[in-house]
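All remarks here apply to the structure that follows.
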Ligand code: ADP
Ligand code: MG
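In the working numbering, the protein residues as written are 230 to 838.
As structure tokens, then:
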């Protein structure tokens, strides 16, 4: 007597199966993730039933998931000790595509206590097995004490069969006979790495051919107060492939507007800073402890690519494929919440331990600067996190510190770019601000010019390059009177001819004889340097203005010398201009200058003799 019943799949199933098998998932290996997720769901459901006092068949069976491979028979099987299925449930859950038993289960317990943390919601994961199977056989025995076991099997084309099973243990065993092209999934090594990749953090032990595979637990699901530094550090070393403990860790949990559980780490060092290729984000996206996407793109802004860790959101659909993931609105929401909270975290860290933060900024500051330049939405928050030396502080200070020290009459924030502290202190653009008693931000990284250019202001105060500072020093007694100074300016202009723009008297020089200033108001000297590099080889199309210091002995001397010794005075005027270019970092033609200096020296010795 045969008790086997043959059922044809629902009418639209053949078509749907085709979609699931051929286009829903990008990687075939995903079926392992899906079947383990189902096993974990079934086990979780059983645990939930048990904990709520329901009587279950074989109540002592340990809760675990076993995967077994047979490379000779070309099979892979998944066994769980979960809640199993009755005959009706088999028909309903596996015979009807897009009918999710998990969803029905959740609906059922909605009014009762708690959400048992179930992964499935979409009712198609099971069918991913048919991507690799010629035949799938499901042996299952429900937890309900008066039920018996059942065997369901199908080739995934048009029909499935159900027959009673004998002596089955509680739970479900799914055996997959692999297609010839997919026999790799019967190889233990291959399967082990797939389990580790996707299912390493499943909340039940997973054994592969009898050996435990998932060894590290999903600590992000535990509460912060239960976790020690060592727990976090060990987890980081595992997931971040690092031998050192992390510099910072950020454990963040939220329920609204999105259910998020994130554990993010800042490593001790930036490999990119050491000259390694562009860092690839190592933040992985999970849904209820199951990997959805490793090195998830779009989950965090590009400039946060130095972070390592995991983001787990229950709101994510598990069976989504990589391609559809990238532009989903959900990802954008996650991105927004996470990056905002992480910046807030950094701000708090900077407040509570400034030295540690300074170390972080030294290592990862250029990522934040990249953010200022490229990411308008976070610009303001990022500006608070920038740190620079200033004329009064050798330890890095933020703009907020600077602003808090500004004298009342100072309106703008001033900065100078130079190769190092000494160069900035010696800059002719600094001397006037110094005389005024204004603090100046010193920037040694050529990038900073762009950063300031994008930032433009902080806390309502303009960021102004020192060379553009509109300040007037209190007029001391001027050594060259107005007429003499104007005549000297004319002389210099005539001496240099087309090479120079305007020449005028400066109100902001103290120790330097002269400075060059941009004739173009929107240009700064470092932008000019960069443009010049781009234009290398061709004639420099830009002219500078020159501002002279009417109190400097050299200027006073030049004004009287120009009448008697016009030849050498012209050379000196040229040299004054070149010197000003040198101190602005804009000088180009050392050969021509060398000739002139030699000639000047020659005249000096000849005269001395
Ligand atoms: P989902 O997991 O999104 O609900 P699946 O296609 O993966 O969809 O599974 C369909 C349904 O089959 C599940 O909701 C569940 O009710 C049932 N099921 C699948 N695998 C198992 C299992 N190992 N034990 C018990 N029930 C299972
Ligand atoms: Mg599923």
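Glycine included, every Cβ here is placed at the ideal spot set by N, Cα and C. Just so it is clear, the structure is predicted and the values come from calculations on it, not from any experiment.
**OP:** Using 10 angstroms around the beta-carbon of residue 178, count the other beta-carbons present and answer buried if the total reaches 16, otherwise exposed.
**Re:** Because the chain here runs from 230 to 838, residue 178 falls outside it and cannot be looked at.
Original post:
Between which two residues does the beta strand (DSSP E) containing residue 294 stretch?
Top reply: As a working mapping, residue 294 is identified with position 65 in the chain shown. Looking at the DSSP string, the run of the beta strand (DSSP E) that includes residue 294 is 294–299.
**OP:** Can you give me the start and stop residues for the alpha helix (DSSP H) that residue 712 sits inside?
**Re:** The residue labelled residue 712 in the question sits at position 483 within the chain shown. Its alpha helix (DSSP H) spans residues 711–725.
**OP:** Look at the Cβ atom of residue 354, then the Cβ atom of residue 271, and state whether they are nearer than 8 Å.
**Re:** For the purposes of this step, residue 354 is taken as residue 125 along the chain shown, with counting starting at 1. For the purposes of this step, residue 271 is taken as residue 42 along the chain shown, with counting starting at 1. No; because the gap between Cβ atoms is not below 8 Å, this pair is not in contact.
Original post:
Between residue 479 and residue 593, is the Cβ-Cβ spacing less than 8 Å?
Top reply: Locating residue 479 in the chain shown gives position 250, where the first residue counts as 1. Locating residue 593 in the chain shown gives position 364, where the first residue counts as 1. The answer is no: Cβ separation not under 8 Å.
Original post:
Which class does residue 426 belong to by DSSP, given the choice of helix, strand or coil?
Top reply: Mapped onto the chain shown, residue 426 falls at position 197. Residue 426 falls in the helix class under three-state DSSP.
**OP:** Using only the heavy atoms of the ligand MG, determine whether one of them is closer than 7 Å to the beta carbon of residue 266.
**Re:** Reading the chain shown from its first residue, position 37 is the one you call residue 266. Yes - the ligand MG has a heavy atom lying nearer than 7 Å to the Cβ of residue 266.
Original post:
From this set, 611, 655, 667, 441, which residue's C-alpha is nearest residue 688's C-alpha?
Top reply: Taking the chain shown and counting its residues from 1, one reaches residue 688 at position 459. Among 611, 655, 667, 441, the Cα nearest to that of residue 688 belongs to 611.
Original post:
Using a threshold of 7 Å, is the CB atom of residue 354 nearer than that to any non-hydrogen atom of the ligand MG?
Top reply: The residue given as residue 354 occupies position 125 in the chain shown. Yes, Cβ of residue 354 sits closer than 7 Å to a heavy atom of the ligand MG.
Original post:
Nearest to residue 728 by CA position, among 605, 777, 700, 802, is which residue?
Top reply: Reading the chain shown from its first residue, position 499 is the one you call residue 728. Of the candidates 605, 777, 700, 802, the one whose C-alpha sits nearest the C-alpha of residue 728 is 802.
Original post:
Can you list the alpha helix (DSSP H) stretches of 4 or more residues lying completely in the stretch 260–325, in chain order?
Top reply: 316–323
Subject >> Where residue 232 falls, given that 16 or more other Cβ within 10 Å makes a residue buried >> reply: Your numbering for residue 232 matches position 3 in the chain shown. Exposed, since its Cβ has fewer than 16 Cβ neighbours within 10 Å.
**OP:** Evaluate residue 503 with the Cβ neighbour count: other Cβ atoms within 10 Å of its Cβ, from every protein chain shown; 16 or more gives buried, anything less gives exposed.
**Re:** Taking the chain shown and counting its residues from 1, the one referred to as residue 503 is at position 274. It is exposed - the Cβ of residue 503 has fewer than 16 other Cβ atoms within 10 Å.
Original post:
Going by C-alpha distance, which of 718, 372, 445, 396 is nearest residue 287?
Top reply: Within the chain shown, residue 287 is the residue found at index 58, counting from 1. Taking only the C-alpha atoms, the option nearest residue 287 is 372.
**OP:** Report yes if the C-beta of residue 263 is less than 7 Å from at least one heavy atom of the ligand MG; otherwise report no.
**Re:** Translated into the one-based positions of the chain shown, residue 263 becomes position 34. Checking every heavy atom of the ligand MG against the Cβ of residue 263, one is found closer than 7 Å.
Original post:
Around the C-beta of residue 621, are 16 or more other C-beta atoms found within 10 angstroms, so that it is buried, or is it exposed?
Top reply: Here residue 621 is taken as the residue at index 392 of the chain shown, counted from 1. Answer is exposed; the Cβ neighbour count stays below 16.
Subject >> Cβ-Cβ distance between residue 743 and residue 702 below 8 Å >> reply: The count along the chain shown starts at 1 and reaches residue 743 at position 514. The count along the chain shown starts at 1 and reaches residue 702 at position 473. Result no, Cβ atoms of residue 743 and residue 702 do not sit closer than 8 Å.
Original post:
Closer than 7 Å: is that where the CB of residue 688 sits relative to any heavy atom of the ligand ADP?
Top reply: Along the chain shown, read from residue 1 onward, the residue named residue 688 stands at position 459. No, the beta carbon of residue 688 sits no closer than 7 Å to any heavy atom of the ligand ADP.
**OP:** Since I believe residue 536 is in contact with residue 510 (beta carbons under 8 Å), could you give me their beta-carbon distance rounded to a whole number of angstroms?
**Re:** Sequence index remark: in the chain shown, residue 510 carries index 281 (1-based). Sequence index remark: in the chain shown, residue 536 carries index 307 (1-based). Residue 510 to residue 536, Cβ: 7 Å. Contact.
Subject >> Cβ-based burial, residue 626 [other Cβ within 10 Å; buried from 16] >> reply: Reading the chain shown from its first residue, position 397 is the one you call residue 626. Classification of residue 626: buried, given that the 10 Å Cβ count is 16 or more.
Original post:
Can the beta-carbon of residue 237 be found closer than 8 Å to that of residue 388?
Top reply: Against the chain shown, residue 237 aligns to sequence position 8. Against the chain shown, residue 388 aligns to sequence position 159. Cβ atoms of residue 237 and residue 388: closer than 8 Å.
Original post:
Cβ of residue 472 within 8 Å of Cβ of residue 513?
Top reply: If you number the chain shown from 1, residue 472 lands on position 243. If you number the chain shown from 1, residue 513 lands on position 284. Going by C-beta atoms, residue 472 is not nearer than 8 Å to residue 513.
Original post:
Does any heavy atom of the ligand ADP sit closer than 7 Å to the C-beta of residue 309?
Top reply: Your numbering for residue 309 matches position 80 in the chain shown. The answer is yes for residue 309.
**OP:** From the DSSP output, in three-state form, read off residue 345 for me.
**Re:** Your numbering for residue 345 matches position 116 in the chain shown. Its pLDDT being 49, under 50, residue 345 is placed unreliably by the model, and nothing is read from it.
Original post:
Does any heavy atom of the ligand ADP sit closer than 7 Å to the C-beta of residue 278?
Top reply: Your numbering for residue 278 matches position 49 in the chain shown. The answer is no for residue 278.
Subject >> Other residues of its chain near residue 319: CB distance less than 8 Å, five sequence neighbours each side excluded >> reply: Within the chain shown, residue 319 is the residue found at index 90, counting from 1. Taken in chain order, the residues that qualify are 367, 369, 379, 381, 391.
Original post:
Helix, strand or coil: which one does DSSP assign to residue 371?
Top reply: Looking up residue 371 in the chain shown gives position 142. In the structure shown, residue 371 sits in coil (DSSP, three-state: anything other than H, G, I, E or B).
Original post:
Given residue 659, which residues of its chain have a CB within under 8 Å of its CB, disregarding the five upstream and five downstream residues?
Top reply: Indexing the chain shown from 1 puts residue 659 at position 430. The answer, listed in chain order, is 620, 645, 653, 669, 695.
Original post:
Based on the DSSP output, what are the partners of residue 686 in its beta bridges?
Top reply: Counted from its first residue, the chain shown places residue 686 at position 457. DSSP output for residue 686 lists 691 as bridge partner(s).
Subject >> Top-ranked residue by Cα proximity to residue 507, from 599, 269, 259 >> reply: For the purposes of this step, residue 507 is identified with residue 278 of the chain shown, where counting begins at 1. Closest option to residue 507, Cα to Cα, is 599.
Original post:
Where does residue 262 land, buried or exposed, given buried means 16+ other C-beta within 10 angstroms?
Top reply: Here residue 262 corresponds to residue number 33 of the chain shown, with the count starting at 1. Looking at its Cβ environment, which holds 16 or more other Cβ atoms inside 10 Å, residue 262 is buried.
Original post:
Using the C-alpha atoms, what's the distance from residue 827 back to residue 834?
Top reply: For the purposes of this step, residue 834 is taken as residue 605 along the chain shown, with counting starting at 1. For the purposes of this step, residue 827 is taken as residue 598 along the chain shown, with counting starting at 1. If I take the Cα positions, the gap works out to 11 Å.
**OP:** Tell me where the alpha helix (DSSP H) around residue 459 begins and ends.
**Re:** Walking along the chain shown from the start, residue 459 turns up at place 230. From DSSP, the alpha helix (DSSP H) with residue 459 extends over 458–469.
**OP:** Starting from the N-terminal side, write out each stretch of the alpha helix (DSSP H) that is 4 residues or longer and does not extend beyond the stretch 611–665.
**Re:** 628–634, 650–655, 657–665
**OP:** Note the first and the last residue of the continuous beta strand (DSSP E) segment covering residue 388.
**Re:** For the purposes of this step, residue 388 is taken as residue 159 along the chain shown, with counting starting at 1. Residue 388 -> beta strand (DSSP E) spans 388–394.
**OP:** Reducing DSSP to helix, strand and coil, say where residue 488 ends up.
**Re:** Taking the chain shown and counting its residues from 1, one reaches residue 488 at position 259. It is coil, neither helix nor strand.
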